[in-house]
Amino acid sequence: ESYGAMVLPQPSNVTSRQKSILNRSKKSILNKSNLTIFAALCAVVGLFLILLSNVLLLPLAVTSGGSASGKAAFLAKARPQSADLADPSPPANRADGTNLGRIRTQGSRHTTVMGMAVGYSISTYRTFVGSLRRSGFEGHIILAIAPDPKPGVLEYLTSKNVTAVRLEFADCDFDPGGGGKAQAMDGGKSSGHKVEAMTCARPYTDMMVRWSRYPLLRDYLEACEGCTGPVLVSDVRDTFFQRDPFGTGAPEVLGLQVFREHRSMTTANWIVQQIALSCTGLNFGEEPYLAPMLCSGTTVGTRETMLRYLTIMYEEMRVWLDNPSCDHRWVGDQAIHNYLFYTGRFHNAVAVPNRMGIVHTPGVQGSMLLEEHAKDMIEKTGKDRLVIMNTIPYQGANGKDQWIGPQFDLIDKEGFLVDFNGERSRVVHQFDRLGLPFGNYLRNKQGKLWKHLYGPDD
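In short: position in the sequence shown from 1, add 74, done, that's this note's numbering.
If you want it as structure tokens, here you go:
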């Protein structure tokens with residue numbers, strides 16, 4: 075924060091009482107014709123006033139500058155002190171990291187894409203890994219996978235030069251739900267969410283497996299000596315790639331980049347507001363904490379800032395797990411991700427607006443389009459919603475490349491999703507929210523986007 079320039083007292087700042095004293099002194103001295111003594115006295119008084127103003131005004135200036143962000147006041151609470159808080163590097167320009175800022179002039183050879191992909195069929199890996207390689211990506215792909223991957227998965231990942239790390243599952247060291255794993259599985263009637271919460275991966279048996287991706291991916295990145303360039307940590311199941319995320323012409327990565335969702339989505343949504351309120355006491359549903367929603371499913375950074383980010387997320391998760399007011403069955407990493415960014419815990423971080431950077435997150439917009447499509451078709455045809463979703467494409471679809479009409483400003487002429495500037499998005503996250511009309515388009519195995527996602531080499 076800039077505290078501004080120090081304001082020192084000028085002659086106009088001297089009080090009337092001080093002027094009176096100086097005038098009497100001046101008159102007395104002049105009457106004695108001792109101008110030399112008068113000048114010396116004025117210099118002493120002036121110096122005294124300057125020194126006094128420095129002593130009195132400096133605390134006021136510091137207090138004024140330091141109180142500019144009320145959102146950070148709670149940071150006086152004890153928190154793990156990570157390396158980011160002492161990093162001397164300057165903050166990134168907010169234009170950098172978007173298509174409005176600097177662009178990369180080198181390829182993706184030393185860059186990295188990472189994720190946790192546990193228990194998926196080979197089709198999910200083909201969508202994620204296959205589209206990434208066909209985008210021209212030359213860098214490292216590191217995935218944490220199940221200890222017993224499904225048939226064909228290991229062979230496919232090996233063929234795509236993926237570093238696949240098989241997790242070692244173990245019982246957790248804690249019981250966030252009460253009753254333990256045995257109770258959750260009682261009588262063969264397992265609660266899927268509770269079983270997931272009670273499943274951990276070594277060596278991080280202090281947190282559920284859906285959270286342990288943060289320390290695990292940090293460890294994998296730290297061990298990768300060739301991973302010296304920018305890093306993308308991404309969800310796997312609902313993500314595909316249309317262009318190389320770090321290729322020539324991509325936005326430059328100078329610090330940490332987090333990505334906003336659709337502009338209509340804010341932290342007032344229960345996934346952040348209710349959870350953060352119970353775990354931290356801060357209400358992100360109202361001012362001064364209300365802010366645009368950030369998606370925790372994709373994060374980009376330099377190697378150094380990504381290592382710090384993954385560490386900070388892990389440290390804060392430990393704090394929340396130790397908090398008895400948190401209901402760990404419902405707490406998600408998105409609440410922690412937003413909480414940490416908006417309270418200043420991520421150093422050198424910038425929030426990139428949706429469709430203006432490396433990642434395009436169409437989830438909210440896709441859900442709105444799907445609902446409007448269903449409502450419109452029910453009114454026009456009287457058919458059941460599920461029948462409509464499975465049989466009627468989006469308005470404006472041409473049965474070939476365009477699976478939705480151009481009036482929605484979502485795709486180009488070949489069916490690829492686009493950013494606001496009309497260029498093809500590099501990373502598309504939450505594509506499943508585009509619904510059955512989009513899924514049916516892919517299942518029909520036609521169009522240029524399908525060929526890119528599931529080319530003949532797969």
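Backbone N, C-alpha and C define an ideal beta-carbon position, used for all residues, glycine too.
Can you tell me which residues form a DSSP beta bridge with residue i?
| i | result |
| --- | --- |
| SER308 | THR372 |
| HIS402 | HIS402 is not bridged to any residue. |
| CYS274 | ALA244 |
| LEU491 | ILE485 |
| ALA191 | ILE219 |
| PRO366 | THR340 |
| VAL502 | PHE314 and HIS434 |
| ILE177 | PRO325 |
| THR186 | HIS214 and VAL305 |
Between the alpha carbons of residue i and residue j, how many angstroms are there, rounded?
| i | j | result |
| --- | --- | --- |
| LYS474 | GLU446 | 22 Å |
| PRO576 | ILE215 | Since the first and last residues shown for the chain are 75 and 532, residue 576 lies out of range. |
| MET282 | GLN469 | 42 Å |
| LYS224 | ILE196 | 7 Å |
| ASP245 | ARG403 | 16 Å |
| GLU390 | SER286 | 12 Å |
| ASP458 | PRO467 | 15 Å |
| PHE539 | GLN439 | Only positions 75 to 532 of the chain appear in this structure, which leaves residue 539 out of reach. |
| ILE349 | THR385 | 21 Å |
| TRP524 | LEU516 | 6 Å |
| ARG200 | PRO362 | 43 Å |
| GLY418 | THR322 | 31 Å |
| VAL492 | HIS503 | 13 Å |
| THR465 | HIS184 | 44 Å |
| ASP483 | ALA471 | 13 Å |
| ALA191 | VAL305 | 17 Å |
| ASN397 | LYS487 | 51 Å |
| TRP344 | LEU356 | 13 Å |
| ASN518 | MET451 | 21 Å |
| VAL433 | PRO277 | 31 Å |
| PRO289 | TYR416 | 22 Å |
| VAL307 | PRO427 | 18 Å |
| SER209 | THR340 | 32 Å |
| VAL239 | LEU381 | 18 Å |
| ILE462 | ALA448 | 7 Å |
| VAL310 | PHE505 | 11 Å |
| PHE202 | VAL501 | 10 Å |
| LEU414 | TYR383 | 10 Å |
| PHE512 | VAL424 | 32 Å |
Taking a contact to mean a Cβ-Cβ separation below 8 Å, would you say residue i touches residue j in this structure?
| i | j | result |
| --- | --- | --- |
| LEU217 | GLY189 | yes |
| SER499 | GLN316 | yes |
| ALA324 | ARG178 | yes |
| MET367 | VAL393 | no |
| SER233 | LEU527 | no |
| ILE410 | MET442 | no |
| GLY509 | LEU444 | yes |
| SER379 | ASN422 | The identity of residue 379 in the sequence shown is Thr, whereas the question assumes Ser. Result yes, Cβ atoms of THR379 and ASN422 sit closer than 8 Å. |
| PRO375 | GLY300 | Going by the sequence as given, residue 375 is Gly instead of Pro. No. |
| SER370 | ASP401 | no |
| GLU326 | GLY213 | no |
| THR372 | PHE333 | yes |
| THR435 | LEU295 | no |
| PHE243 | THR273 | yes |
| GLY406 | ARG507 | no |
Counting C-beta neighbours from all protein chains within 10 Å, is the total for residue i 16 or more, i.e. buried, or is it exposed?
| i | result |
| --- | --- |
| LEU460 | exposed |
| SER338 | exposed |
| TRP477 | buried |
| GLU335 | buried |
| PHE358 | buried |
| GLN180 | exposed |
| GLY431 | buried |
| GLN331 | buried |
| SER399 | exposed |
| ASP312 | buried |
| PHE494 | exposed |
| THR354 | buried |
| GLN408 | buried |
| ALA275 | buried |
| PRO480 | exposed |
| GLY303 | buried |
| GLY521 | buried |
Practice problem: With a floor of 3 residues, list each beta strand (DSSP E) that falls wholly inside the segment 305 to 352, ordered by position along the chain. | Solution: 305 to 308, 313 to 315 and 330 to 334
Quiz item: Which runs of the alpha helix (DSSP H) fall wholly inside the segment 382 to 460 and span at least 4 residues, in chain order?
Solution: For the segment 382 to 460, whole alpha helix (DSSP H) runs of length 4 or above, ordered along the chain, are 407 to 416 and 437 to 455.
Exercise. Entirely within the segment 199 to 249 and at least 4 residues each: give me those alpha helix (DSSP H) ranges in chain order.
Key: 205 to 208 and 227 to 233
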